[in-house]
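Numbering (the working numbering), first residue to last: 13 to 530. Where a beta carbon is used, it is the ideal one built from N, C-alpha and C, also for glycine. Notes to accompany the following structure.
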Amino acid sequence: MSESKNSGIGALSDNLKSVWCSFAGSFFRAGKPTSDMSRAAIMVNNFFLHIHSVKTHINSLRPGFTLGMGLISMMLCLITVGSGVALMVYYNPSLENAYNSVKDINFVVFAGRLIRNSHKWAGEGMIVFVFLHMARVFYTNSYKSGREFNWLVGVVLLGLTFMLNLSGYLLPWDQLSYWALVIVSNIMQSPKELTDSLGLTKYFDVGGFSKELFLAGLKPGKEALTRVYLLHVVFLPVTLMVIVGVHFWRIRKDGGLTKPDNYAPRYEDSKYVIAPDKKGGIFTPAKTYGLMELTKGKTPAVNMDVENTVLSWPNLLVAEAAVFMLCLAGVIAYSYYINAPLKELANPMIPENPAKAPWYFLGLQELLSYSAFMGGVGLPTVALMGLALIPFLDREKDKIGIWFSGKQGKGVAIEALFVGVIALVGLMAFVIAFGWFRKWWPDIPQIWITFINPGVIWVGFMILWALSVTKRTGSTRMGAIALFTMFLLSYLILTYIGTELRGPNWGFYWSKSQWPMH
Numbered sequence: 013m014s015e016s017k018n019s020g021i022g023a024l025s026d027n028l029k030s031v032w033c034s035f036a037g038s039f040f041r042a043g044k045p046t047s048d049m050s051r052a053a054i055m056v057n058n059f060f061l062h063i064h065s066v067k068t069h070i071n072s073l074r075p076g077f078t079l080g081m082g083l084i085s086m087m088l089c090l091i092t093v094g095s096g097v098a099l100m101v102y103y104n105p106s107l108e109n110a111y112n113s114v115k116d117i118n119f120v121v122f123a124g125r126l127i128r129n130s131h132k133w134a135g136e137g138m139i140v141f142v143f144l145h146m147a148r149v150f151y152t153n154s155y156k157s158g159r160e161f162n163w164l165v166g167v168v169l170l171g172l173t174f175m176l177n178l179s180g181y182l183l184p185w186d187q188l189s190y191w192a193l194v195i196v197s198n199i200m201q202s203p204k205e206l207t208d209s210l211g212l213t214k215y216f217d218v219g220g221f222s223k224e225l226f227l228a229g230l231k232p233g234k235e236a237l238t239r240v241y242l243l244h245v246v247f248l249p250v251t252l253m254v255i256v257g258v259h260f261w262r263i264r265k266d267g268g269l270t271k272p273d274n275y276a277p278r279y280e281d282s283k284y285v286i287a288p289d290k291k292g293g294i295f296t297p298a299k300t301y302g303l304m305e306l307t308k309g310k311t312p313a314v315n316m317d318v319e320n321t322v323l324s325w326p327n328l329l330v331a332e333a334a335v336f337m338l339c340l341a342g343v344i345a346y347s348y349y350i351n352a353p354l355k356e357l358a359n360p361m362i363p364e365n366p367a368k369a370p371w372y373f374l375g376l377q378e379l380l381s382y383s384a385f386m387g388g389v390g391l392p393t394v395a396l397m398g399l400a401l402i403p404f405l406d407r408e409k410d411k412i413g414i415w416f417s418g419k420q421g422k423g424v425a426i427e428a429l430f431v432g433v434i435a436l437v438g439l440m441a442f443v444i445a446f447g448w449f450r451k452w453w454p455d456i457p458q459i460w461i462t463f464i465n466p467g468v469i470w471v472g473f474m475i476l477w478a479l480s481v482t483k484r485t486g487s488t489r490m491g492a493i494a495l496f497t498m499f500l501l502s503y504l505i506l507t508y509i510g511t512e513l514r515g516p517n518w519g520f521y522w523s524k525s526q527w528p529m530h
């Protein structure tokens, strides 16, 4: 009895001493990742790591190819979600308490201002880097060879990123968020401009229905705040995570990131790749071999890694951890010095002048000033459809994974850049200086302004230019490069005009110092 008891206590003591080793063994299943086999096994057996492939192509790890834009977007998303969960502890989504709860977060809660700043800037950073990631995928011709569907998924993710940021912008219930909500509700109502012109509103008021559905009434109130909060913390995040999962899954199923057909490993790649146990590929062979015949080159291809790949553990995971730490450090540093705006409590009786949407929608608001329907619904729909159709209209299969598809593509992009700047700046300068139809002919029917306005003219010009490039070069890829370059250019220029050059009553001012005193 005593011996059994002692042996049981001894076994318990030994088990306590080896708890960490036992836990590590149960976690890794195939043992600690100390060999190539166990490193491969951990990627397959771990729930969180299984989304990665066992091996990663060296070209995908080259910073000059991906620029890390997709990784940065994902890391900023994780930072946004984490800080948002922390904010939910203190935020109260009621009309009476929303503004005061945000003030408490800013001035009372320990580190609350830093968390709120991090949430806002990481979320807006997502917009920038999702755009840049999409541009990288496009300019490296990486939306082909079975990846067409994943490009569509990326377009959906771009829209969700915009909606998530916009819904969060509306929650503080200060002057900025309230009047931005008014702008959004007017966009929802903008189809009424078209139905009024056609005399269909009394039969089919889709604009009024959309606005009332969004606001749960005719004007912004507590019901609207509740619906926006529900969108921001439940519907949009869940949808985003599902679509992100599909995006990553398709990357795996499509064979990873694209790589050039003429890819060749370089010995300098070993600077950012951790050497495996098995030497070969881009690494110096462990042995020397005597050749029984004359061959070109210094060494034979001995123990060459399969398709120039390396194990994802630790190569890819180290890169991901490094990107996350850099993103977190950058967001914290920026948030420490730059505060998220918070103005006075929302007052429906005192409108903001100028009443502006958040910066990432100011290009859209610039178009809204000419036609609510075309600027808010028509042209954005055309832009999204154009982005979605790119991989189905450009079916050329050569030069995949190569930036700009070579020298010709670089020339087309530079040409589109210069032509686009001259044409768009010239068009906007003309409109700002001389106005448009309503100023010239006050009684002109609205239908004319709806379908003939600066936004429609610019989109038509971009399409015609892309078609001319396609005809001149005989390449749909070159036409796509021209169109996409002008699309990015127009977003930047219109956003700058709306952000920096529009003042009270949406007038044009070179600087805020020129704004009239009031």
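- By the CB criterion at 9 Å, L248 and L172 fall inside the cutoff.
- Between W477 and the set V468, S487, L495 and I469, the nearest pair of CA atoms involves L495.
- The DSSP-derived three-state label of H64 is coil.
- Counting only residues of its own chain and dropping the five nearest sequence neighbours on each side, L374 has a CB closer than 7 Å to the CB of K368, T507, G510 and T511.
- Remark: fewer than three beta-carbon pairs, one from each stretch, lie closer than 8 Å, so the region 128 to 136 and the region 61 to 78 are not flagged as touching.
- Around the beta carbon of M87, 16 or more other beta carbons sit within 10 angstroms, so the residue counts as buried.
- For the options N118, V431, G76 and V140, the alpha carbon positioned closest to that of W470 is the one of V431.
- As the crow flies, the alpha-carbon of D266 is around 6 Å from that of R159.
- Residues P363, E364 and A367 of the same chain have their beta carbon placed closer than 7 Å to that of W191, with the five preceding and five following residues left out of the count.
- A Cβ-Cβ separation of about 18 Å leaves T497 out of contact with A400 under the 8 Å criterion.
- Where T321 is concerned, there is no enclosing alpha helix (DSSP H), although the beta strand (DSSP E) around it starts and stops at T321 to L323.
- Counting only the Cα atoms, V167 lies some 21 Å from F77.
- Less than 9 Å separates the beta-carbon of P232 from that of P360.
- Membership of M498 in the alpha helix (DSSP H) is indicated by the continuous run T488 to Y508.
- With fewer than 16 other Cβ atoms from the protein chains shown falling within 10 Å of its own Cβ, G486 counts as exposed.
- Each residue's CA atom was taken as its position, placing V218 and E356 some 34 Å apart.
- In terms of Cβ geometry, V250 and M100 do not form a close pair [threshold 9 Å].
- Selection S324, P184 and R51 evaluated against L354 yields P184 as nearest (Cα-Cα).
- Taking C-beta separations shorter than 7 Å and ignoring five residues to either side along the sequence, the partners of R148 in its chain run T78, L79 and M81, following chain order.
- Approximately 19 Å separates the beta-carbon atoms of F473 and W460; this is outside 8 Å, ruling out the contact.
- The beta carbon of A425 sits closer than 7 Å to the beta carbons of F416, I493 and T497 from its chain, once the five residues preceding and following it are set aside; these are given in chain order.
- Beta-bridge pairing by DSSP links L357 to D186.
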